[in-house]
Amino acid sequence: MNISLLYSLVGLALFSLGLYGLIAYGHLLRKILAVNVMGSGAFLILVALARGWRQTSPDPVPHAMGLTGLVVAVSATALALALACRVQETTGSTQLTEDGSD
Amino acid sequence: MRLFSAKLIIIVLLVALAGLIAWAILSLPFNGPSLRAQVFANIGHSGVSNPVTAVLLNFRGYDTLLEIVVLFLAVLGAWSLGMVQLPGPPYPAGLFLSALLRILLPAMVLTAGYLLWAGAHAPGGAFQAGAVLGGAGILLLLTEVRFASAIVSWPLRTLLSAGVLVFTGVALGSMFLGGRLLEYPRHWAGILILVIETAATLSIGVILTVLFIGGRPSEADRTLSVKSTGKRKDK
Chain X
1 MNISLLYSLV GLALFSLGLY GLIAYGHLLR KILAVNVMGS GAFLILVALA
51 RGWRQTSPDP VPHAMGLTGL VVAVSATALA LALACRVQET TGSTQLTEDG
101 SD
Chain F
1 MRLFSAKLII IVLLVALAGL IAWAILSLPF NGPSLRAQVF ANIGHSGVSN
51 PVTAVLLNFR GYDTLLEIVV LFLAVLGAWS LGMVQLPGPP YPAGLFLSAL
101 LRILLPAMVL TAGYLLWAGA HAPGGAFQAG AVLGGAGILL LLTEVRFASA
151 IVSWPLRTLL SAGVLVFTGV ALGSMFLGGR LLEYPRHWAG ILILVIETAA
201 TLSIGVILTV LFIGGRPSEA DRTLSVKSTG KRKDK
């Protein structure tokens, strides 16, 4: 089996698992973690595709995109965690309410 | 069993989505369009020999500039949520942790410096080096709160914004020197990239450390050495 293809499909599996976690769980920390799992899957696909199905030396442009994406994911996670802390302090709940009345 | 059926619907939809994406990946051409050839054809002019660094800091420098801006905005966003006390143990850090930090910290700074320098010709660069510095900063925060509270002031703010300021300055400067935005003068490309990466490394290290605090450090902490908890204060 082609190794790039294997990595792409593993990345796809991670992405799908993360998306399920994002939808299915209410706890904000779980949602943030789920988005990170999704992101890891996307980066894995990007790096796998950079190698191409048969190319020996990888395309550096998707690698650079992955590196950029990692940094953006880290900063977005940090901001999301700060916001989640704020939600917990303000409402006393670790979930967002359905009607958004708060 | 309403909840069960809702989850079942989600799973069915997600499996369908995953199947679609898998089909899209499988139907990609074997040697599809790639920018590989262009990168390797022009790498001699980029000022560095590592293709990923050449893409990040030269060919697609705009992406990297905006990426540092995103990091900076994350700090602004976290700071706008209000003041927090510096995180710190309710008791002085243990002997083992303090001793370990004294050994680890110089090694981490050295590693960051090496990664920064190696980025020109091998895997490495500002973000990897900045991440190592950020790790060192977080360790420092967890053990030596006295030191951490001393930097909550203008030196901290200068370091936070150094990456954005230097990168923007170089981008605009290359415009005044006759090029376009971010089009470095050819003979200066290598040194300019190193200058940008050095500023970016310091900024990223400090930004990651500050993001760990999760808010704007309270000025009152400057006079205190050890805090009881990481509890937030209202403005």
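Line by line, the protein sequences give chains X and F.
Just so we're aligned, residue 1 is where the first sequence starts under the numbering used here, counting upward by one.
Just so we're aligned, residue 1 is where the second sequence starts under the numbering used here, counting upward by one.
For each residue, glycine too, the CB sits at the ideal point set by N, CA and C.
Problem - Within chain X, partners of F:Ile138 - CB distance below 8 Å - result: Start at 1 with the first residue of the second sequence, and residue 138 of chain F comes out as number 138. Neighbours of F:Ile138 across chain X, judged by C-beta separation under 8 Å, do not exist; the nearest C-beta is about 12 Å away.
Exercise for the section: Tell me whether X:Thr134 is buried or exposed, calling it buried when 16 or more other Cβ atoms sit within 10 Å of its Cβ. Expected result: No information on residue 134 of chain X is available, as it lies outside the stretch 1 to 102 that chain X covers here.
Exercise for the section: Go ahead and pull the three-state DSSP assignment for F:Arg216. Expected result: Counted from its first residue, the second sequence places residue 216 of chain F at position 216. It is a strand residue.
Exercise for the section: Using DSSP bridges, identify the partner residues of X:His27. Expected result: The sequence position of residue 27 of chain X within the first sequence is 27, counting from 1. Beta-bridge pairing links X:His27 to X:Gln95.
Handout entry: Whether F:Leu104 touches F:Thr209 by CB criterion (9 Å)
Key = Within the second sequence, residue 104 of chain F is the residue found at index 104, counting from 1. Within the second sequence, residue 209 of chain F is the residue found at index 209, counting from 1. Their beta carbons are not under 9 Å apart, which means F:Leu104 does not touch F:Thr209 by this criterion.
Handout entry: Contact with chain F by X:Ala82, beta-carbon distance below 9 Å
Key = Position 82 of the first sequence holds residue 82 of chain X. Between X:Ala82 and chain F, the shortest Cβ-Cβ separation is below 9 Å.
Practice task
Give the secondary structure of X:Ser16 by DSSP, where H, G and I count as helix, E and B as strand, and everything else as coil.
Solution key: Here the question's residue 16 of chain X lines up with position 16 in the first sequence. Looking at X:Ser16 - three-state DSSP - the assignment turns out to be helix.
Practice task
Would you mind stating whether F:Val52 and X:His27 have Cβ atoms separated by less than 9 Å?
Solution key: Counting from 1 along the second sequence, the entry for residue 52 of chain F is found at position 52. Counting from 1 along the first sequence, the entry for residue 27 of chain X is found at position 27. No, the Cβ-Cβ distance between F:Val52 and X:His27 is not below 9 Å.
Handout entry: Any C-beta of chain F under 9 Å from that of X:Ile23
Key = Here the question's residue 23 of chain X lines up with position 23 in the first sequence. Chain F, which has a Cβ nearer than 9 Å to the Cβ of X:Ile23, makes this yes.
Exercise for the section: Could you check if F:Thr158 is buried or exposed, using at least 16 other CB atoms within 10 Å of its CB as the buried criterion? Expected result: As a working mapping, residue 158 of chain F is identified with position 158 in the second sequence. Exposed, because fewer than 16 other Cβ atoms sit within 10 Å of the Cβ of F:Thr158.
Exercise for the section: Figure out for me which residue from F:Phe72, F:Ala120, F:Leu101 has the closest Cα to the Cα of F:Leu165. Expected result: In the second sequence, counting from the first residue as 1, residue 165 of chain F sits at position 165. Looking at the Cα atoms, F:Phe72 is the closest of the given residues.
Exercise for the section: With DSSP collapsed to three states, give me the class of F:Val247. Expected result: One cannot answer for residue 247 of chain F here, as it falls past the ends of chain F, which runs 1 to 235.
Problem - Cβ of F:Ser214 within 9 Å of any chain X Cβ - result: In the second sequence, residue 214 of chain F corresponds to position 214, counting from 1. Reading off the sequence, residue 214 of chain F comes out as Gly, not Ser. Closer than 9 Å to some Cβ of chain X, the Cβ of F:Gly214 qualifies, so yes.
Practice task
With distances taken Cα to Cα, identify the nearest neighbour of F:Met108 among F:Trp79, F:Gln128, F:Tyr184.
Solution key: Residue mapping note: residue 108 of chain F aligns to position 108 of the second sequence, counting from 1. Nearest of F:Trp79, F:Gln128, F:Tyr184 to F:Met108, Cα basis: F:Gln128.
Handout entry: Rounded straight-line distance, which links the Cα of F:Pro123 to that of X:Ser16
Key = For the purposes of this step, residue 16 of chain X is taken as residue 16 along the first sequence, with counting starting at 1. For the purposes of this step, residue 123 of chain F is taken as residue 123 along the second sequence, with counting starting at 1. Distance between the alpha carbons of X:Ser16 and F:Pro123: 30 Å.
Exercise for the section: Excluding the 5 residues preceding and the 5 following X:Leu79 in the sequence, name in chain order all residues of the same chain whose CB lies nearer than 7 Å to its CB. Expected result: Numbered from its first residue, the first sequence carries residue 79 of chain X at position 79. Taken in chain order, the list of residues that qualify is empty.
Problem - F:Gly205 beta carbon less than 9 Å from that of F:Gly137 - result: Taking the second sequence and counting its residues from 1, one reaches residue 137 of chain F at position 137. Taking the second sequence and counting its residues from 1, one reaches residue 205 of chain F at position 205. In contact: F:Gly137 and F:Gly205 (Cβ atoms closer than 9 Å).
Problem - Beta carbon proximity, X:Asp102 to chain F, threshold 9 Å - result: In the first sequence, the residue the question calls residue 102 of chain X occupies position 102. In this prediction, X:Asp102 scores a pLDDT of 44, lower than 50, which makes its location untrustworthy; the coordinate-derived value is nonetheless stated afterwards. No, no contact with chain F.
Problem - Residue range of the unbroken alpha helix (DSSP H) whose run includes F:Val39 - result: For the purposes of this step, residue 39 of chain F is taken as residue 39 along the second sequence, with counting starting at 1. F:Val39 -> alpha helix (DSSP H) spans 36 to 42.
Handout entry: Limits of the unbroken alpha helix (DSSP H) element including F:Gln128
Key = Taking the second sequence and counting its residues from 1, one reaches residue 128 of chain F at position 128. Its alpha helix (DSSP H) spans residues 126 to 143.
Practice task
Work out the CA separation of F:Leu140 and F:Ser218 for me, nearest whole Å.
Solution key: In the second sequence, the residue the question calls residue 218 of chain F occupies position 218. In the second sequence, the residue the question calls residue 140 of chain F occupies position 140. If I take the Cα positions, the gap works out to 18 Å.
Handout entry: Which listed residue (F:Ser174, F:Thr198, F:Leu142, F:Gly169) has its alpha carbon closest to that of F:Phe96
Key = Here residue 96 of chain F refers to the residue found at position 96 when the second sequence is read from its first residue. Nearest of F:Ser174, F:Thr198, F:Leu142, F:Gly169 to F:Phe96, Cα basis: F:Leu142.
Exercise for the section: Identify every run of the alpha helix (DSSP H) within the segment 52 to 126 of chain F, keeping only runs that are complete inside it and at least 4 residues long; order them along the chain. Expected result: Complete alpha helix (DSSP H) runs here, min 4: 61 to 79, 95 to 118.
Handout entry: Residue burial classification, X:Pro58 (beta-carbon count within 10 angstroms, cutoff 16)
Key = Locating residue 58 of chain X in the first sequence gives position 58, counting from the first residue. The residue is buried, with at least 16 neighbouring Cβ atoms inside 10 Å.
Practice task
Measure from the C-beta of F:Tyr60 to each C-beta in chain X and report whether the shortest distance is under 9 Å.
Solution key: Against the second sequence, residue 60 of chain F aligns to sequence position 60. Looking at the sequence itself, residue 60 of chain F is Arg, so the reference to Tyr does not match. It does: the Cβ of F:Arg60 has a partner Cβ on chain X nearer than 9 Å.
Exercise for the section: For F:Leu35, return the contacting residues in chain X, with the cut-off set at a CB-CB distance below 7 Å. Expected result: What you label residue 35 of chain F is simply residue 35 of the second sequence in a count that begins at 1. Result: Asp59, Val61.
Handout entry: N- and C-terminal bounds of the alpha helix (DSSP H) containing F:Leu165
Key = Looking up residue 165 of chain F in the second sequence gives position 165. Where F:Leu165 is concerned, the enclosing alpha helix (DSSP H) stretches over 154 to 176.
Exercise for the section: Give the straight-line distance between the Cα atoms of F:Val55 and F:Ala126, rounded to the nearest whole angstrom. Expected result: Taking the second sequence and counting its residues from 1, the one referred to as residue 55 of chain F is at position 55. Taking the second sequence and counting its residues from 1, the one referred to as residue 126 of chain F is at position 126. Those two C-alpha atoms are separated by around 13 Å.
Practice task
Could you check which residue in F:Leu8, F:Pro185, F:Pro155 has the C-alpha nearest to that of X:Ala24?
Solution key: By 1-based counting over the first sequence, the position of residue 24 of chain X is 24. When each option's Cα is compared against that of X:Ala24, the closest is F:Leu8.
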